[in-house]
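Data block below; observations after.
Number of protein chains: 2
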Amino acid sequence: MSLITPRTLRGFRDYLPEVMMPRERCMEIAREVFRSFGFAPIDTPALEYLEVLTGKGSDETDRQLYQFTDQGNRQVGMRFDLTVPFARFAAQHINELGTPFKRYHIAPVWRGEKSQAGRYREFIQCDFDTIGTQSVAADIETPLVIHSLMLALGFEAFKIHINDRRVLTGLLEHLGIAEHSVLVLRALDKLAKIGADKVAQEMQDTAGVSESQARAVLALAEIDVDADDLYAQLSKITGENATAALGIERLQQMREGLAAAGVPASRVKLDLTIARGLDYYTGVIFETFLDALPSIGSVCSGGRYDNLAELFTKQHLPGVGASLGLDRLLAAMEQLEMLPQVRTPAPVFIPYFDKGQLNAYLQLAAIVRAAGIGVEVFPEPKKLGQQLKYADGRGFTLALIAGNQEFEAGTCQVKDLRDKSTTDVQWSADQPEPLLDAIRSKLKS
Amino acid sequence: MSLITPRTLRGFRDYLPEVMMPRERCMEIAREVFRSFGFAPIDTPALEYLEVLTGKGSDETDRQLYQFTDQGNRQVGMRFDLTVPFARFAAQHINELGTPFKRYHIAPVWRGEKSQAGRYREFIQCDFDTIGTQSVAADIETPLVIHSLMLALGFEAFKIHINDRRVLTGLLEHLGIAEHSVLVLRALDKLAKIGADKVAQEMQDTAGVSESQARAVLALAEIDVDADDLYAQLSKITGENATAALGIERLQQMREGLAAAGVPASRVKLDLTIARGLDYYTGVIFETFLDALPSIGSVCSGGRYDNLAELFTKQHLPGVGASLGLDRLLAAMEQLEMLPQVRTPAPVFIPYFDKGQLNAYLQLAAIVRAAGIGVEVFPEPKKLGQQLKYADGRGFTLALIAGNQEFEAGTCQVKDLRDKSTTDVQWSADQPEPLLDAIRSKLKS
Chain A
37 MSLITPRTLR GFRDYLPEVM MPRERCMEIA REVFRSFGFA PIDTPALEYL EVLTGKGSDE
97 TDRQLYQFTD QGNRQVGMRF DLTVPFARFA AQHINELGTP FKRYHIAPVW RGEKSQAGRY
157 REFIQCDFDT IGTQSVAADI ETPLVIHSLM LALGFEAFKI HINDRRVLTG LLEHLGIAEH
217 SVLVLRALDK LAKIGADKVA QEMQDTAGVS ESQARAVLAL AEIDVDADDL YAQLSKITGE
277 NATAALGIER LQQMREGLAA AGVPASRVKL DLTIARGLDY YTGVIFETFL DALPSIGSVC
337 SGGRYDNLAE LFTKQHLPGV GASLGLDRLL AAMEQLEMLP QVRTPAPVFI PYFDKGQLNA
397 YLQLAAIVRA AGIGVEVFPE PKKLGQQLKY ADGRGFTLAL IAGNQEFEAG TCQVKDLRDK
457 STTDVQWSAD QPEPLLDAIR SKLKS
Chain B
37 MSLITPRTLR GFRDYLPEVM MPRERCMEIA REVFRSFGFA PIDTPALEYL EVLTGKGSDE
97 TDRQLYQFTD QGNRQVGMRF DLTVPFARFA AQHINELGTP FKRYHIAPVW RGEKSQAGRY
157 REFIQCDFDT IGTQSVAADI ETPLVIHSLM LALGFEAFKI HINDRRVLTG LLEHLGIAEH
217 SVLVLRALDK LAKIGADKVA QEMQDTAGVS ESQARAVLAL AEIDVDADDL YAQLSKITGE
277 NATAALGIER LQQMREGLAA AGVPASRVKL DLTIARGLDY YTGVIFETFL DALPSIGSVC
337 SGGRYDNLAE LFTKQHLPGV GASLGLDRLL AAMEQLEMLP QVRTPAPVFI PYFDKGQLNA
397 YLQLAAIVRA AGIGVEVFPE PKKLGQQLKY ADGRGFTLAL IAGNQEFEAG TCQVKDLRDK
457 STTDVQWSAD QPEPLLDAIR SKLKS
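Here's what the structure looks like:
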């Protein structure tokens with residue numbers, strides 16, 4: 037029989053334990069944070085009717101769509117994001133769900149992109165949204181969730197950049213270049229990367245605005261958003277445009293609300309120059325940058341949109357939300373050495389080296405596990421040295437070493453696999469506490 | 037603009053919060069239990085090269101496969117189970133992983149089955165396996181994990197049925213009908229459902245065995261597995277067949293090991309008649325039945341197999357594992373009224389009815405959340421009654437009610453939404469403990 041070559045498709049990848057464990061941990065933390073704000077989980081199918089998916093993103097997303105004809109001769113596609121399925125979901129179930137409706141959704145999506153380094157054709161999205169309200173409370177809550185998420189994931193030095201699209205819209209209206217907004221904002225979004233001069237040039241080249249118009253847009257970057265005369269500064273360039281004023285008012289409410297909820301001012305930055313490119317945002321927008329790795333880009337972004345489900349229902353469903361960039365965050369955590377280097381989810385290892393004592397090992401493991409401590413028993417009675425080598429390779433923290441003599445004497449050696457120190461402990465099935473205490477104290481150290 | 041009808045594909049479904057919350061909880065419990073035994077998570081792509089997937093199950097699975105040609109002109113398919121991808125994964129990475137290797141994998145799979153009630157084309161599988169060892173320790177550990185899983189999910193009255201395929205194989209060898217084993221075992225698997233007479237008839241009709249041969253197989257059901265003379269009883273029908281004896285020996289080791297690890301005898305049943313139909317098992321096999329709902333079928337099944345990855349590698353990878361039937365278990369939990377009827381993951385609700393106090397509400401919520409208690413703030417300053425109606429509909433447990441006067445007086449009303457009882461509590465941002473204590477005590481009751 038000829039063997040089939042075991043391989044994954046280009047652009048796809050397997051997750052081995054040492055990579056999957058921190059991924060799973062991050063997703064668990066995200067779920068806990070979402071829930072603590074009252075966001076509820078939903079799920080939708082990986083496959084949708086093709087008509088639900090096409091024409092929702094750009095021509096590019098349509099090209100990247102995995103699509104085919106199924107056994108029932110239906111045209112179907114694999115979801116390429118979680119927003120379009122959520123729009124379909126909301127339109128279909130909103131009467132049952134009621135508003136406001138807060139949901140999170142953590143699930144894989146697929147895009148047949150051209151393969152390139154660091155880009156995958158299958159990746160996890162991690163979205164949360166509040167729909168059915170235009171309230172500032174929901175706007176404030178979005179960066180509150182981002183802030184809690186980042187802290188829970190172990191980050192302390194980060195900044196949430198906040199803008200309101202209406203400041204930009206108002207300014208472009210005032211300058212009479214609203215019809216060029218897509219190209220102007222696309223250029224503006226590159227400010228941090230390429231600098232003001234190149235952005236001004238691009239605005240003139242692609243959007244056809246004048247140099248003075250481009251410079252007027254770039255003047256947003258010069259505004260001191262922390263000064264008391266913010267309105268006055270803004271009026272100088274927007275000429276008291278009402279839309280821009282609404283944007284600035286919302287930004288100030290957001291800053292106050294975030295402070296009231298305990299978010300340090302050092303982690304919030306009003307940034308009138310972020311635009312979130314081609315996206316469909318209409319109000320507040322967010323990006324989150326790590327102080328230590330700004331170049332990695334925003335790790336959590338989102339904003340307010342006018343009407344989630346307009347392609348599917350006449351019901352008006354405004355909303356606000358954001359998406360955690362799981363892969364980018366994990367890459368950052370690895371780069372910042374925030375990830376433990378282990379390949380086992382259990383901290384304790386029991387070598388099974390005394391062939392006649394299997395039941396005693398199983399009992400010992402059950403006692404440790406009942407105390408809430410994960411423990412693996414090696415399945416074969418190999419030599420102790422060989423088993424300890426396995427334990428080191430996997431990254432176990434402790435080994436509980438006992439053979440026939442120790443079981444008879446009611447003792448056990450607790451070996452710290454990090455510094456190789458050992459402690460002998462007296463224990464029995466009826467009185468396991470001394471052993472459990474020794475394990476707990478070593479695991480804590 | 038004409039609207040697109042919001043609908044899911046036939047055989048697929050959306051999960052709304054009230055259904056998704058218990059699903060997520062069950063998967064979290066499963067992960068915790070798997071990890072506590074040292075099983076590590078992995079993930080594999082939803083899409084595989086078609087050649088990896090075809091010809092691995094039956095003709096039926098091939099027909100049900102969602103397959104297509106991708107943008108790079110590759111023949112690809114969506115995984116229909118987690119076992120075939122695990123075989124491919126193991127063959128590809130085993131040198132890096134080392135053995136024994138213990139993994140769990142919780143992920144969706146897709147089968148384009150004929151639609152029928154209760155059968156879906158997308159469902160979650162929840163598998164755990166130990167590969168690279170033939171040890172009895174790994175065999176014993178599998179029902180140990182099942183036992184811990186069931187307890188952690190809240191079940192107490194269940195039985196894990198255990199058999200060893202070698203008992204059946206040995207008996208069929210002794211009877212000279214080994215070549216008919218597939219059809220004989222397929223009939224035998226129906227014993228609990230259709231009774232001995234019909235099984236005997238089916239064995240004669242489909243496998244062409246004689247009535248006395250059929251009755252000899254069915255005599256397995258008559259053996260008293262708890263009696264001291266188990267070997268003697270068995271020898272009477274297997275004629276001291278060595279394979280059958282190995283099977284019985286393993287079953288007795290398993291029973292002892294499970295007892296040593298604290299599994300009550302009442303939850304373990306040696307059952308010489310379970311066969312797990314057409315599966316590829318070669319040693320121990322498991323099925324798990326709920327005492328209260330035996331008709332729902334086995335909720336957790338598995339067994340030992342000879343060589344996981346033989347289609348992909350020459351390396352010999354024997355293993356043992358099982359699969360938790362998540363959908364079946366959730367259906368059982370619903371039928372047994374084990375699921376809480378809530379649509380919010382946060383227990384506490386803060387109505388925002390005093391328009392001028394948004395920041396105070398946000399601060400209050402942050403304080404409660406910092407104590408580890410989930411809390412949702414209603415996003416719009418609607419009438420209190422309307423907000424409390426929303427809270428009742430979602431299933432919140434408590435509401436924290438305060439307006440301008442209460443915030444000034446440093447008080448807050450803690451309202452139990454179940455019995456409508458209220459308590460007024462004095463609190464401040466510096467001294468939130470009285471409020472937190474009142475919330476905790478009401479949540480516990």
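Protein chains in written order, with this note's numbering: chain A, 37 to 481; chain B, 37 to 481.
Think of the CB as a built atom: it goes at the ideal place given N, C-alpha and C, for glycine as much as any other residue.
Check, Outcome
"For G80(B) and R59(A), I'd like the C-alpha separation in whole angstroms.", "Residue identity differs from the one stated: residue 80(B) is Thr in this sequence, not Gly. Each residue's Cα considered, the two are about 13 Å apart."
"For C336(B), which of R364(B), E158(B) and T318(B) has the nearest alpha-carbon?", "R364(B)"
"Please confirm if the stretch 149-164 of chain B is in contact with the stretch 348-359 of chain B, defined as three or more CB-CB distances below 8 Å between the two stretches.", "yes"
"Quick check for students: name the residue ranges of the beta strand (DSSP E) that lie wholly in the stretch 49-99 of chain B, counting only runs of 3 or more.", "83-85"
"Say whether the stretch 401-414 of chain B touches the stretch 62-73 of chain A, bearing in mind that this needs 3 or more beta-carbon pairs closer than 8 Å, one atom from each stretch.", "yes"
"Touch check for the stretch 178-185 of chain A and the stretch 380-399 of chain A: three-plus C-beta pairs under 8 Å?", "no"
"In three-state DSSP terms, what is N10(A)?", "Coverage of chain A is limited to positions 37 through 481, which leaves residue 10(A) absent and any answer about it impossible."
"Does chain B have any CB closer than 8 Å to the CB of Y102(A)?", "yes"
"Specify, as a first and last residue, the run of the alpha helix (DSSP H) that Q161(A) falls within.", "First-last for Q161(A): E158 to I167, but that is the beta strand (DSSP E), not the alpha helix (DSSP H)."
"Taking all protein chains shown into account, decide if N525(B) is buried (16 or more other Cβ within 10 angstroms of its Cβ) or exposed.", "Because chain B here runs from 37 to 481, residue 525(B) falls outside it and cannot be looked at."
"Roughly how many whole angstroms lie between the Cα atoms of G439(A) and G408(A)?", "24 Å"
"What three-state label does DSSP hand A243(A) in the structure shown?", "helix"
"Measure the beta-carbon distance from F100(A) to R147(A) and round it to whole angstroms, keeping in mind my assumption that it falls under 8 Å.", "The displayed chain sequence assigns Gln, not Phe, to residue 100(A). Confirmed, Cβ separation roughly 4 Å."
"Using a Cβ cut-off of 9 Å, which residues of the stretch 340-356 of chain A contact any Cβ in chain B, in chain order?", "A345, E346, L347, F348, T349 and K350"
"On the DSSP bridge assignment, give the partners of T458(B) in chain order.", "K451(B)"
"Using only alpha-carbon positions, find the residue among V172(B), G333(B) and P77(B) that is nearest to I196(B).", "G333(B)"
"So A257(A) and L227(A) are in contact, right, with Cβ under 8 Å, and what is the actual spacing, rounded?", "7 Å"
"Taking all protein chains shown into account, do 16 or more other C-beta atoms lie within 10 angstroms of the C-beta of G319(B), making it buried, or fewer, making it exposed?", "buried"
"In terms of residue numbering, what span does the beta strand (DSSP E) encompassing N199(B) cover?", "F194 to D200"
"Between G206(A) and A280(A), how many whole angstroms is the CB-CB distance? I'm expecting something under 8 Å.", "3 Å"
"Between R71(B) and chain A, is there a C-beta pair that is closer than 8 Å?", "yes"
"Which ranges does the alpha helix (DSSP H) cover as unbroken runs of at least 4 residues, wholly within the stretch 103-141 of chain A, from first to last along the chain?", "119-133"
"Can you name, in chain order, every residue of its own chain whose Cβ lies under 6 Å from the Cβ of I78(A), other than the five neighbours on each side?", "R139 and H141"
"When burial is assigned at 16 or more other CB atoms within 10 Å of the CB, is E158(B) buried or exposed?", "buried"
"What does DSSP give as the partner residue(s) for V304(A) in the beta ladder?", "I196(A)"
"Beta carbon of Q128(A), beta carbon of P42(B): below 8 Å?", "yes"
"Can you find a C-beta in chain E that's less than 8 Å from the C-beta of T380(B)?", "The structure shown has no chain E; the protein chains it does contain are A and B."
"When the cut-off is 8 Å and only beta carbons count, does R46(A) lie next to chain B?", "yes"
"Identify whether L400(A) lies in helix, strand or coil by the three-state DSSP scheme.", "helix"
"So what does R340(B) bridge to, in DSSP terms?", "V356(B)"
"With a 10 Å radius around its C-beta and 16 neighbouring C-beta atoms as the bar for buried, classify K350(B) as buried or exposed.", "exposed"
"Under 8 Å, Cβ to Cβ, is there at least one residue of chain B near A435(A)?", "no"
"Who are the neighbours of D395(A) on chain B, taking C-beta pairs under 7 Å?", "Note that residue 395(A) corresponds to Asn in the displayed sequence, not to Asp. Those within 7 Å of N395(A) in chain B are E292, G293 and A296."
"Suppose the cutoff is 8 Å on Cβ atoms and the five residues either side in sequence are ignored; what does the same chain contact list for V235(A) look like?", "A223, L224, K226, L227, A250 and L254"
"Would you report the Cα separation of D50(A) and G113(B), rounded to the nearest angstrom?", "16 Å"
"If you follow the alpha helix (DSSP H) that V235(B) is in, where does it begin and where does it stop?", "A232 to E238"
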